[in-house]
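Take a look at the structure set out below.
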C-alpha cells in the first residue's frame, strides 16, 4: 500500500506534503480509517490533503488513499463482527453501585454482517437476468424509457379525457339528485 508513486511538488514549500508525509498519512489512514485523524497525526490540513489528492500527477497517492480507506473499513467490519460474536460487557447498577455485569450480544448487527459478507447465503436474493420477475420488470422499464413525446402526450390526453368523463358523470348525478329533491318537495 505504501509502494505508490507520491506526488512531487514542482516548487516545494516549507509546509508541502512531501512524499514521506504522504506515506505517513496513508499508513495512519490504513490504521484508523479516519481521514481527519490521519491528517492530524501528520500535521496537515484536510483541505491541503484533498487538494493534493485531486492534483494531476497524484493518481498514485489517490489510489493509495482509497486502498487505505478500504483497509480501515475492513478493520471496522472486523471490530463489528467481534462485537456481534463476543458481545459487550454491560453493567447492572443498583443504588448507584455496579452490582454485576452481563454480556449483550447484538443480534441485529450479526444479521447485518452475515447479509453483507455472505449475501448469497443470508441475504435477500434479488432476481437477475433470466428470472421471470427480472425480465418482466426490465421489459416494463424499457417500454417506459423508449416512449416518444407524442406517445406521452397521447397518454396524458387519454387520461385527462377519462377524468373529464368521471367529473361530468358525477356532476350529472348530483344535478339529477337535486332535481329529484325539488320534485319531491313540490308534491
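Numbering (my numbering), first residue to last: 403 to 589.
Backbone N, C-alpha and C define an ideal beta-carbon position, used for all residues, glycine too.
Item                                                                                         : Value
Per DSSP, the bridge partner or partners of residue 493                                      : 503
Residue 487 beta carbon less than 7 Å from that of residue 515                               : no
Beta carbon of residue 455 nearer than 7 Å to that of residue 464                            : yes
Beta-carbon spacing of residue 428, residue 451 below 7 Å                                    : no
Three-state secondary structure (DSSP) of residue 427                                        : helix
Short CB-CB distance (under 7 Å) between residue 518 and chain C                             : Included in the structure is just one protein chain, with no chain C present.
The stretch 430-443 in contact with the stretch 467-482 per 3-pair CB rule at 8 Å            : yes
Residues near residue 489 in its chain [Cβ-Cβ closer than 8 Å; skip 5 each side]             : 505, 506, 507 and 508
Beta-carbon gap between residue 495 and residue 502 smaller than 7 Å                         : no
Residue 420, DSSP secondary structure in three states                                        : coil
Test item: CB-CB of residue 426 and residue 444 under 7 Å                                    : yes
Cβ shell of residue 513 (< 8 Å), same chain only, five flanking positions each side left out : 524
Assumed close pair residue 406, residue 462 - CB separation to whole angstroms, cut-off 8 Å  : 4 Å
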